[in-house]
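Residue numbers (the numbering used here): 7 to 163. Right, one structure below, let's go through it.
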Amino acid sequence: MYRHILIPTDGSEVAEHAVTNGLALAKSVGAKVTVMIVEDPFDWLSVPETRASQRQSLEALAKHNEQVQKHAANVLSQAADAAKQAGVPCDTMQVANARPYQAIIAAASDRGSDLIVMGSHGRGGLSAVVLGSVTNKVLTHTKTPVLVYRRIRGPSS
Numbered sequence: 007m008y009r010h011i012l013i014p015t016d017g018s019e020v021a022e023h024a025v026t027n028g029l030a031l032a033k034s035v036g037a038k039v040t041v042m043i044v045e046d047p048f049d050w051l052s053v054p055e056t057r058a059s060q061r062q063s064l065e066a067l068a069k070h071n072e073q074v075q076k077h078a079a080n081v082l083s084q085a086a087d088a089a090k091q092a093g094v095p096c097d098t099m100q101v102a103n104a105r106p107y108q109a110i111i112a113a114a115s116d117r118g119s120d121l122i123v124m125g126s127h128g129r130g131g132l133s134a135v136v137l138g139s140v141t142n143k144v145l146t147h148t149k150t151p152v153l154v155y156r157r158i159r160g161p162s163s
């Protein structure tokens, strides 16, 4: 059925739900997985020469970038550990791309994925109202089948 499943995540609750279910699916069909995270790169070359007063802003941006890198490494490490526990062959990838949907589609093509498993929305706003923009763009631009997991609702929802 499926041999290679791509699972993009941003570490949000819905994305982690998709990771868990994607790993379960992979185990049931004997597929391998690639778990990926796409980060929006900061274009350091676009920053003009700075004065001392601007240096603090650049230092704050550098610190933010470091935190993003740590978050990505943590999310991928947790996914790899979960895959190992499930007995699912897994590799991970971290990509910098200002258009995450393009990175996801390219990764699916480059790695020969025959299914993309992802959450209905990630960290963006209005998540309860609309399908996430990244998920929507992947759905409308890829030739690879996509399985979308949505937010888990409690009994009172």
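C-beta: ideal position from N, C-alpha, C; glycine also.
Taking Cβ positions, are residue i and residue j nearer each other than 7 Å?
i, j, result
"A21", "G125", "yes"
"V35", "V94", "no"
"I13", "V123", "yes"
Whose CA, out of the options, lies closest to the CA of residue i?
i, options, result
"K143", "R157, L82 and I110", "I110"
"V25", "I11, V35 and L64", "I11"
"Q75", "L121, G17 and G118", "G17"
"K33", "V140, Q62 and A88", "A88"
"P47", "T40, H23 and E72", "E72"
"S115", "A79, T148 and M42", "T148"
In the DSSP assignment, the alpha helix (DSSP H) including residue i goes from what residue to what residue?
i, result
"H10", "Segment H10 to P14 is the beta strand (DSSP E) holding H10; no alpha helix (DSSP H) there."
Would residue i be called buried (16 or more neighbouring beta carbons within 10 Å of its own) or exposed?
i, result
"G138", "buried"
"G28", "buried"
"H70", "exposed"
"T146", "exposed"
"P106", "buried"
"L121", "buried"
"I43", "buried"
"L132", "A caution first: L132 carries a pLDDT of 41, below 50, which makes its placement in the model unreliable, though a value can still be read off. L132 should be labelled exposed."
Start and end of the beta strand (DSSP E) containing residue i?
i, result
"D97", "C96 to A102"
"K38", "K38 to E45"
"G125", "L121 to G125"
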